[in-house]
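Under the numbering used here, residues 92 to 418 are what the sequence shown spells out, in order.
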Amino acid sequence: MKVYTKCSNYASETCPCVLAESGHCIVCSMCSGEDFCNCSDTVSFCVLQELKNNGGRAKDQHHIMKCTVTYETIYDDVTKLIRVSIPDGHVKDFVNLGSFVFVRVYENTFYDVPISVLYEDIYHDSIELMIQLQGVKTKCFRDLKAGDTIFLRGPYLNGIQGLGPISRLRDGKALVICRGIGLFPSLHAIFELKKNNNQVEIYLDGGSFSRNLIRVAKDLYELDANEISFLDPEGNISPKLCRVIDDAIKDDVGLIHLGVSDYLLKKIIGHIETSSERKVALSCINNTHMCCGEGICGACTRNADAKRIVHLCKEQMDVYEYSKILV
Ligand SMILES: Cc1cc2nc3c(=O)[nH]c(=O)nc-3n(C[C@H](O)[C@H](O)[C@H](O)COP(=O)(O)OP(=O)(O)OC[C@H]3O[C@@H](n4cnc5c(N)ncnc54)[C@H](O)[C@@H]3O)c2cc1C
Ligand code: FES
92 MKVYTKCSNY
102 ASETCPCVLA
112 ESGHCIVCSM
122 CSGEDFCNCS
132 DTVSFCVLQE
142 LKNNGGRAKD
152 QHHIMKCTVT
162 YETIYDDVTK
172 LIRVSIPDGH
182 VKDFVNLGSF
192 VFVRVYENTF
202 YDVPISVLYE
212 DIYHDSIELM
222 IQLQGVKTKC
232 FRDLKAGDTI
242 FLRGPYLNGI
252 QGLGPISRLR
262 DGKALVICRG
272 IGLFPSLHAI
282 FELKKNNNQV
292 EIYLDGGSFS
302 RNLIRVAKDL
312 YELDANEISF
322 LDPEGNISPK
332 LCRVIDDAIK
342 DDVGLIHLGV
352 SDYLLKKIIG
362 HIETSSERKV
372 ALSCINNTHM
382 CCGEGICGAC
392 TRNADAKRIV
402 HLCKEQMDVY
412 EYSKILV
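Quick look at the structure:
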């Protein structure tokens, strides 16, 4: 399979990054030692030229910020909402679609956990994070109180696959399907689709982790959403969800966004591929295990073929192809 990817950091404030400096740029063939330029499908930003302008060095990368928690609340004892104040007017950097941060309570960077920015308030210099308390890293947030300090690194931009299809849909129809915590990393996508004058139909399944999550989301973010069960008792996608998807495709939906686990993502895409006559545009949340977020450590890599490794912390892919390389 020939896989085409784009870099979510391309032309951002941190581009060119250490990958360009070290000859491994995702976008620029010449930074990677080729004799020809294959940047024809990118905007007017030349990574090679920027690298030369910067003396052959990467631009300043993401700094670790010490931030104060200004508000916290816990739902069902398993999901924690925290509001964090962002220093020095940096909050405007967090507004982008797909923004996420690495956060931790302790000095030790081993505890860094990727969490999506679900809401940013540029007037009060703060962002909100919703954290499901699951394992060793996230459970450290359980006792966090207002006034406590957390360490934050970011923002990173690849929290959603399919950024292009979301931004391009205007005056159209979108279907959003989210289960459990997958709703919160999808909020930016929902807001962006609504901002671009699209009719957005939202279907939610609370999942198995937290009973009140959907009610909380509806109240906090004023979501008009339908609740159905996505899975049948055998773990297959439910007939109700199949019907919702099939009807939307017949009704000319321009994009389907999936805020679900990788397991459900593969099932849903399998259903779309077998039942739909057209290739409807897709976007989804990025559930990859990540450590550095910079394309360096390799925690997020998948083999697209024998020679091609994809770094899912940075690379944007066609969501149909993305679902094929998930394990
Ligand atoms: C871009 C991105 C945005 C995310 N946004 C949110 C969010 O807004 N809210 C939220 O609650 N969670 C979010 N996650 C998932 C969150 O990072 C993981 O739940 C967390 O890392 C689990 O760590 P743990 O040590 O607490 O649990 P573990 O015991 O390590 O794992 C518990 C579960 O989380 C999964 N997981 C473990 N590490 C990671 C990782 N680095 N990345 C992804 N999944 C992992 C495991 O497969 C397992 O299912 C996001 C993940 C990514 C990649
Ligand atoms: S998370 Fe380190 S390379 Fe992607």
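Using N, Cα and C, we set each Cβ at its ideal position, and we do this for glycine too. Quick caveat: nothing in here was measured; it's all calculated off a predicted structure.
- Per the C-alpha coordinates, the member of Q152, V208, C116 positioned closest to I400 is C116.
- If you compare the alpha carbons of Q140, V204, F232 with that of E163, the shortest gap goes to F232.
- Beta-bridge analysis with DSSP links G350 to C269.
- When only Cα atoms are considered, N249 and F191 end up about 8 Å apart.
- When secondary structure is reduced to three states using DSSP, P205 falls in the strand class.
- Residue side-chain check: M381 places its Cβ nearer than 6 Å to a non-hydrogen atom of ligand 2.
- When secondary structure is reduced to three states using DSSP, A102 falls in the coil class, being assigned neither helix nor strand.
- At a Cβ-Cβ threshold of 7 Å, K183 and I213 count as neighbours.
- Separation of C375 and Q407 (C-alpha to C-alpha, rounded to the nearest whole angstrom) is 11 Å.
- Of the other Cβ atoms in all chains shown, fewer than 16 fall within 10 Å of the Cβ of D168; this residue is therefore exposed.
- In the three-state DSSP reduction, T96 falls in the coil class, being neither helix nor strand.
- Taking C-beta atoms under 8 Å as the contact rule, Y247 and C404 qualify, at a distance of about 7 Å.
- Here L243 is near M156, since their CB atoms are less than 7 Å apart.
- One alpha carbon belongs to L322, the other to V335, and they sit about 13 Å apart.
- With contacts defined as CB atoms closer than 7 Å, I268 and L349 qualify as a contacting pair.
- Under the DSSP definition of a beta bridge, L243 partners with M156, V194.
- Partner residues in the beta bridge of C375, as assigned by DSSP, are Q252, L349.
- In the three-state reduction of the DSSP assignment, S366 falls in the helix class.
- In chain order, Y166 place their CB closer than 6 Å to the CB of V307, counting only its own chain and leaving out the 5 sequence neighbours on each side.
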